[in-house]
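Since the structure comes first, as structure tokens, the remarks are kept for the end.
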Amino acid sequence: EPEVTQTPSHQVTQMGQEVILRCVPISNHLYFYWYRQILGQKVEFLVSFYNNEISEKSEIFDDQFSVERPDGSNFTLKIRSTKLEDSAMYFCASKPGQGTDEQYFGPGTRLTVT
Amino acid sequence: EDQVTQSPEALRLQEGESSSLNCSYTVSGLRGLFWYRQDPGKGPEFLFTLYSAGEEKEKERLKATLTKKESFLHITAPKPEDSATYLCAVQDRWGSQGNLIFGKGTKLSVKP
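First to last, the sequence lines map onto chains A and B.
Counting from 1, one number per residue, gives the positions in the first sequence under my numbering.
Counting from 115, one number per residue, gives the positions in the second sequence under my numbering.
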């Protein structure tokens, strides 16, 4: 069964460093998302991406964040200058297209900022 | 502001003891309500989508129902492998690309 994959599973970085989190959505899916979950808190929406551009973003997704689909399979989230409060699980999700609302999530990347 | 509240926060059941989880929501217009299962350290796993009041969906020991203000996830004769956190999420009809608004979840523990 196709699934969303994410790498790395765990990333440790120092405050102020740049990190890139990688996702391979399910092939033939058209909509892509990033969410995050701070330990013990809700899953929160960050950004949605369709047709090679951002379609919606939350207040959390400020200028420190960017997303890219560099080729036909990868979808990346970059945090330019990490802060301690960026420590969280980051989930990538994808869905097939219009008329289908279910989003399928990857296993997540645990980001630890020290 | 769109909001999702789940109760209880935690639920401990004996194997075979049926119960229900609640999800109350406030949205300007509901496009869909979703139930996910999340195991520790893993991503949410899709279970059900509900669109309109009165709708019901079933999968093995789980049944999800929807009213105009809340949804229930009924667990019949649970087994230890049903232990997980169950997340409820809503999609606002007016949201452009379907970002989900999640509740905090109900952590279910089923003891043998």
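The beta-carbon is built from N, C-alpha and C at its ideal position, and this holds for glycine as well.
These numbers were taken from a predicted model, which means no experiment stands behind them.
### Start-to-end residues for the beta strand (DSSP E) that takes in His188/B
Segment 184-189, the beta strand (DSSP E) holding His188/B.
### Query
Is His115/A near Arg110/A, with beta carbons less than 7 Å apart?
The structure shown does not extend to residue 115/A, since chain A is modelled only from 1 to 114, so the question has no answer here.
### Message
Is Thr163/B close to chain A? Criterion is C-beta to C-beta, closer than 7 Å.
### Response
Taking Cβ atoms only, chain A reaches closer than 7 Å to Thr163/B, which makes this a yes.
### Message
Measuring straight from C-alpha to C-alpha, what distance separates Tyr165/B and Leu144/B?
### Response
Each residue's alpha carbon lies about 8 Å from the other.
### Task
Can you say whether Asp71/A is buried or exposed, counting buried as having 16 or more other CB atoms within 10 angstroms of its CB?
Classification for Asp71/A: exposed.
### Task
Report all residues from its chain with a CB closer than 8 Å to the CB of Gly97/A; omit the five preceding and five following residues, and keep chain order.
His29, Leu30, Tyr31.
### Reference Ala124/B, options Lys171/B, Leu201/B, Ile215/B, Leu147/B, closest by Cα
Cα-wise, what sits closest to Ala124/B is Leu201/B.
### Query
Relative to chain B, which residues along the stretch 29-62 of chain A have a C-beta separation below 8 Å, given in chain order?
Cβ contacts with chain B: Tyr31, Tyr33, Tyr35, Gln41, Lys42, Val43, Glu44, Phe45, Ser48, Tyr50, Ser55, Glu56, Ser58.
### Task
Using three-state DSSP, classify Glu174/B as helix, strand or coil.
Reduced to three states, the DSSP call for Glu174/B is coil.
### Query
Assuming Val229/B contacts Gly212/B under a Cβ cut-off of 8 Å, what Cβ separation, rounded to an integer in Å, is found between them?
Since the first residue of chain B shown is 115 and the last is 226, residue 229/B is not available in this structure.
### Query
Got a sec, what are the start and stop residues for the beta strand (DSSP E) Lys57/A sits in?
Its beta strand (DSSP E) spans residues 53-57.
#### Entry: Presumed contact (8 Å Cβ cut-off) between Phe148/B and Ala203/B, rounded CB distance
Correct: roughly 5 Å between the Cβ atoms.
### Query
To which residues of the same chain is Val12/A closer than 7 Å at the C-beta, ignoring the five residues directly before and after it?
Shown here for Val12/A: same chain residues with a beta carbon closer than 7 Å to its own, the five before and five after excluded, namely Thr112, Thr114 in chain order.
### Task
Could you tell me whether the Cβ of Pro107/A comes closer than 7 Å to any Cβ of chain B?
Taking CB atoms only, Pro107/A has a neighbour in chain B less than 7 Å away.
### Message
Residues in the same chain with beta-carbon distance under 8 Å from Leu214/B, minus the five sequence neighbours each way, listed in chain order, please.
### Response
Correct list, in chain order: Phe148, Ala203, Val204, Gln205.
### Query
With 16 other CB atoms within 10 Å as the buried threshold, where does Arg36/A fall?
Looking at its Cβ environment, which holds 16 or more other Cβ atoms inside 10 Å, Arg36/A is buried.
### Task
State yes or no: is the beta carbon of Gly143/B nearer than 7 Å to at least one beta carbon in chain A?
So no, Gly143/B is outside the interface.
### Amino acids of chain B, ordered along the chain, whose beta-carbon sits closer than 7 Å to that of Tyr90/A
Correct list: empty, because the minimum Cβ distance to chain B is about 10 Å.
### Query
Looking at the unbroken beta strand (DSSP E) that takes in Phe45/A, where does it start and where does it end?
Note, Phe45/A: beta strand (DSSP E), 43-50.
### Message
DSSP three-state label for Leu180/B, please.
### Response
If DSSP states are grouped into helix, strand and coil, Leu180/B belongs with the strands.
### Query
For Asp206/B, which three-state DSSP category applies?
The DSSP-derived three-state label of Asp206/B is strand.
#### Entry: Boundaries (first-last residue) of the beta strand (DSSP E) holding Met89/A
Counting along the chain, the unbroken beta strand (DSSP E) around Met89/A starts and ends at 88-95.
#### Entry: Identity of the residue in Glu59/A, Thr100/A, Pro25/A nearest Tyr162/B by Cα
It is worth fixing the name first, because residue 162/B is Phe in this sequence and not Tyr. Of the candidates Glu59/A, Thr100/A, Pro25/A, Thr100/A places its Cα closest to the Cα of Phe162/B.
### Task
Just tell me which of Glu170/B, Asn136/B, Lys225/B, Glu115/B has its CA closest to the CA of Ser142/B.
Of all alpha-carbon atoms in Glu170/B, Asn136/B, Lys225/B, Glu115/B, the one lying nearest the alpha-carbon of Ser142/B is that of Glu115/B.
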